[in-house]
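Remember, this note's numbering sits 1 above the position in the sequence shown when you count from 1.
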Amino acid sequence: MYFAALLARSDDGWEASDTDLDNVETLSDLVDLAHESSIADDTVLVLIEQEDAWFGIVRVDGEDDPRIFLSDSLLAKRSSYGSMLVDEIVGRDDSDADDLDTLDLDGTEDGEPEPAEDETDTADAAATTVPSGPLGDPRLLEDVGIGERRLLALNGDALSEIADALGCTDVLEAVR
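Here's what the structure looks like:
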């Protein structure tokens, strides 16, 4: 079970809204959601949590590139939204997968031999390797009072602790 919320900074503090991630397939989709809730192109934090197992933060500041932090990349990789964020951080883009017209289905089109079985296994293992532990930018909340050490130490109900540090616990809990 996921919980996802958007925290948009305003002149009066933070405004929260829950969000449905059903139509989110890419980081661009997530950034578009953040822009929709943005107040005068100010900071928006997309908070995602899966049953206190892992949490993720996507920070969108106007038109700047989004910044991402995941508390546990291995656990996040096991879920669809977490996997999307892990792949974005480590620089993989599975959306450019070959279509059927360009696949070398029998290995004879370009005359190159098929790789040996052990070479294929090694390449597949390297492609699926994800670093363990926190991943991304642990400093993405420093300017709002949550330094790298504090962010890395969060566990359990981390989103409530983040909201508490931002001074918007009531706002976040209202959409939870």
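Here a beta-carbon is modelled for each residue, glycine too, at the ideal position from N, C-alpha and C.
Asked: I'd like to confirm the pairing. Which residues does DSSP put opposite S72 in its beta bridges?; Found: DSSP output for S72 lists no bridge partner at all.
Asked: Count the other CB atoms, across all protein chains shown, that sit within 10 Å of the CB of D125; report buried if there are 16 or more and exposed otherwise.; Found: Bear in mind that the predicted position of D125 carries a pLDDT of just 46, short of 50, making it unreliable; the figure below should be weighed with that in mind. It is exposed - the Cβ of D125 has fewer than 16 other Cβ atoms within 10 Å.
Asked: Could you check which residue in S11, S80, A6 and L75 has the C-alpha nearest to that of V59?; Found: A6
Asked: Can you list, in chain order, the residues of its chain with a C-beta nearer than 6 Å to that of G57? Leave out the 5 residues immediately preceding and following it.; Found: I49, L71 and L86
Asked: On a CA-only basis, which of V61, R79, G63 and L28 is nearest E52? Give me that one, please.; Found: R79
Asked: Give the straight-line distance between the Cα atoms of S18 and L34, rounded to the nearest whole angstrom.; Found: 11 Å
Asked: Take F4 as the anchor and find which of R10, V47, E37 and S38 has the nearest alpha-carbon.; Found: V47
Asked: Excluding the 5 residues preceding and the 5 following D62 in the sequence, name in chain order all residues of the same chain whose CB lies nearer than 7 Å to its CB.; Found: T44
Asked: How would you write the range of the alpha helix (DSSP H) that G148 sits in, first residue to last?; Found: It is not in any alpha helix (DSSP H) - G148 carries neither H nor E in the DSSP assignment.
Asked: For G134, which of helix, strand or coil comes out of DSSP?; Found: coil
Asked: So, for T20: in the same chain, excluding its five sequence neighbours on each side, which residues have a beta-carbon less than 7 Å away from its beta-carbon?; Found: A5, A6, L7 and L34
Asked: If you run the structure through DSSP and keep just helix, strand and coil, what is T27?; Found: coil
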